[in-house]
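Worksheet for the structure shown next.
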Amino acid sequence: MLTETKKPSTEEFIAGMREAGRLASEVIDHVTPFVKAGVTTGEIDRICHDYMVNVQNTIPAPLNYQPPGYPPFPKAICTSVNDVICHGIPGDRILKDGDSVNLDITVITPAGYFGDTSRMFLVGEPSILSKRLAQITYEAMWLGIAQVKPGCTLGDIGYAIQTHAENAGYSVVREYCGHGIGQVFHDDPQIVHYGKPGMGQKIYEGMTFTIEPMINAGKRDIRTMPDQWTVKTKDRSLSAQWEHTCLVTATGVEVLTYSAGSPPPPDCVAGLKFRP
Ligand code: MF3
Ligand code: CO
Ligand code: CO
Numbered sequence: 100m101l102t103e104t105k106k107p108s109t110e111e112f113i114a115g116m117r118e119a120g121r122l123a124s125e126v127i128d129h130v131t132p133f134v135k136a137g138v139t140t141g142e143i144d145r146i147c148h149d150y151m152v153n154v155q156n157t158i159p160a161p162l163n164y165q166p167p168g169y170p171p172f173p174k175a176i177c178t179s180v181n182d183v184i185c186h187g188i189p190g191d192r193i194l195k196d197g198d199s200v201n202l203d204i205t206v207i208t209p210a211g212y213f214g215d216t217s218r219m220f221l222v223g224e225p226s227i228l229s230k231r232l233a234q235i236t237y238e239a240m241w242l243g244i245a246q247v248k249p250g251c252t253l254g255d256i257g258y259a260i261q262t263h264a265e266n267a268g269y270s271v272v273r274e275y276c277g278h279g280i281g282q283v284f285h286d287d288p289q290i291v292h293y294g295k296p297g298m299g300q301k302i303y304e305g306m307t308f309t310i311e312p313m314i315n316a317g318k319r320d321i322r323t324m325p326d327q328w329t330v331k332t333k334d335r336s337l338s339a340q341w342e343h344t345c346l347v348t349a350t351g352v353e354v355l356t357y358s359a360g361s362p363p364p365p366d367c368v369a370g371l372k373f374r375p
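To get our numbering, take the position in the sequence shown, counting from 1, and add 99.
Structure below.
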């Protein structure tokens, strides 16, 4: 026999995903006090790596992750600063006053489940633009989450995100998207962050996927750096991203990566039930 993935019961799967989501989010909770001017992205990576491996007993999914056509990702987390859209590689860059940085964490639990979440951090005294971009992107993610229930379509989710971003004068990155997640990192379906109501596949109870819009202050166009991972805005405008892992429930959504340190949902989704 080559490889075997045992198919868990629904209850076992949901319990595994709840644990993975909580642990991923708790890595960000843990590192939050260290994200300030003067720290390097490499130090942030080390703090997260050590917490995952030594405290949580989780594995950082990005480390040595190598999809077809990519070199192995060399670090435990992604740190995407200012005009970096996603997949920034931690290193010697020192965070300074006014920077905005996304920390994207994916853990693999001992039971074999993946939890994937990211948050924005504004260092020191942020500009009005970086604050507004992070806020609009946060609202866009939550407006997408608020669409989630059995029978809604992927187009409903994408439309909610796209209209909010574009009404604010921003643009939606198309080349990267959310994804199914479970006992693998990146599964079907692709959760695109644009679309039309009623279009695309219907979602059903028990599905688990991420919603992780990348929103640019300028144009949507991207350029990939020579390291083959770091993705920046082509026009060097600021970019922001937030990410949650979601479970489709019988009546709506459960946000699996919501932990004590998660910012509360924005007013535009007031009253949304997203926890059991
Ligand atoms: N966490 C990212 C996502 O949201 C994927 C990072 S892959 C890496 O899907 F290799 F760049 F870490
Ligand atoms: Co992620
Ligand atoms: Co993801």
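Don't be surprised by glycine CBs; every beta carbon is placed ideally from N, CA and C.
Residue range of the unbroken beta strand (DSSP E) whose run includes residue i
i, result
"Gln289", "286 to 290"
"Thr344", "343 to 347"
"Glu353", "352 to 354"
"Ala339", "338 to 340"
"Leu221", "213 to 221"
"Gly277", "277 to 279"
"Thr309", "307 to 310"
"Lys331", "330 to 332"
"Met324", "No beta strand (DSSP E) holds Met324; DSSP gives it neither H nor E."
"Met313", "313 to 315"
Residues near residue i by beta carbon distance below 8 Å, same chain, minus five either side
i, result
"Ala267", "Arg231, Ile235"
"Ser336", "Asp182, Asn315, Ala316, Gly317, Lys318"
"Arg121", "Gly214, Leu355, Thr356, Ser358"
"Val130", "Ile143, Ile146, Cys147, Tyr150, Leu202"
"Gln340", "Ser179, Ile184, Cys185, Asn201, Asp203, Ser217, Met219, Thr236, Glu311, Pro312, Met313, Ile314"
Where the alpha helix (DSSP H) containing residue i begins and where it ends
i, result
"Asp256", "Here the sequence assigns Ile to residue 256, which means Asp is not the residue at that position. First-last of the alpha helix (DSSP H) with Ile256: 253 to 266."
"Phe236", "Here residue 236 turns out to be Thr, not Phe, going by the sequence shown. Run containing Thr236: 227 to 246, per the alpha helix (DSSP H) assignment."
"Arg121", "109 to 130"
Anticipated Cβ contact below 8 Å, residue i with residue j, distance rounded
i, j, result
"Asn163", "Phe172", "7 Å"
"Ile184", "Val291", "Contact flag wrong, Cβ pair sits at about 15 Å."
"Pro312", "Met240", "6 Å"
"Asp215", "Ile280", "6 Å"
"Glu238", "Cys345", "The Cβ separation is near 16 Å, so there is no contact."
"Met310", "His263", "The amino acid at residue 310 is misidentified as Met; the sequence shows Ile. That pair is no contact at about 13 Å."
"Leu242", "Gly294", "Not really, about 13 Å apart at Cβ, beyond 8 Å."
"Gln261", "Asp255", "In fact, because the Cβ distance is near 11 Å, the residues do not count as touching under 8 Å."
"Leu371", "Pro364", "6 Å"
Same chain only: Cβ atoms within 7 Å of residue i, ignoring 5 sequence neighbours per side
i, result
"Thr178", "Thr140, Ile143, Asp144, Gly187, Pro189, Val200, Leu202"
"Ala160", "Thr205, Val206, Ile207, Phe213, Phe284"
"Ala359", "Asp128"
"Asp198", "Val180, Asn181, Val222"
"His278", "His285, Asp286, Gln289, Ile290, Phe308, Thr309"
"Ser361", "Ser124"
"Asp191", "Thr139, Gly141"
Same chain, Cβ closer than 6 Å to residue i, five either side skipped, listed in chain order
i, result
"Gly211", "Gln282"
"Lys248", "Gly351"
"Val134", "Phe220"
"Thr323", "Val330"
"Glu118", "Thr208"
"Gln155", "Leu122"
Exposure of residue i, with buried meaning 16 or more beta-carbon neighbours within 10 Å
i, result
"Asn315", "buried"
"Lys331", "buried"
"Leu228", "exposed"
"Ile193", "exposed"
"Tyr369", "Just to set this straight, residue 369 is Ala in the shown sequence, not Tyr. Looking at its Cβ environment, which holds fewer than 16 other Cβ atoms inside 10 Å, Ala369 is exposed."
"Tyr258", "buried"
"Tyr169", "exposed"
"Ala349", "exposed"
"Val126", "buried"
"Lys174", "buried"
"Gly305", "exposed"
"Glu224", "exposed"
"Glu111", "exposed"
"Glu274", "exposed"
**Request:** Counting only runs of 3+ residues fully inside the segment 147 to 207, write out the beta strand (DSSP E) ranges in chain order.
**Result:** 177 to 180, 183 to 185, 199 to 207
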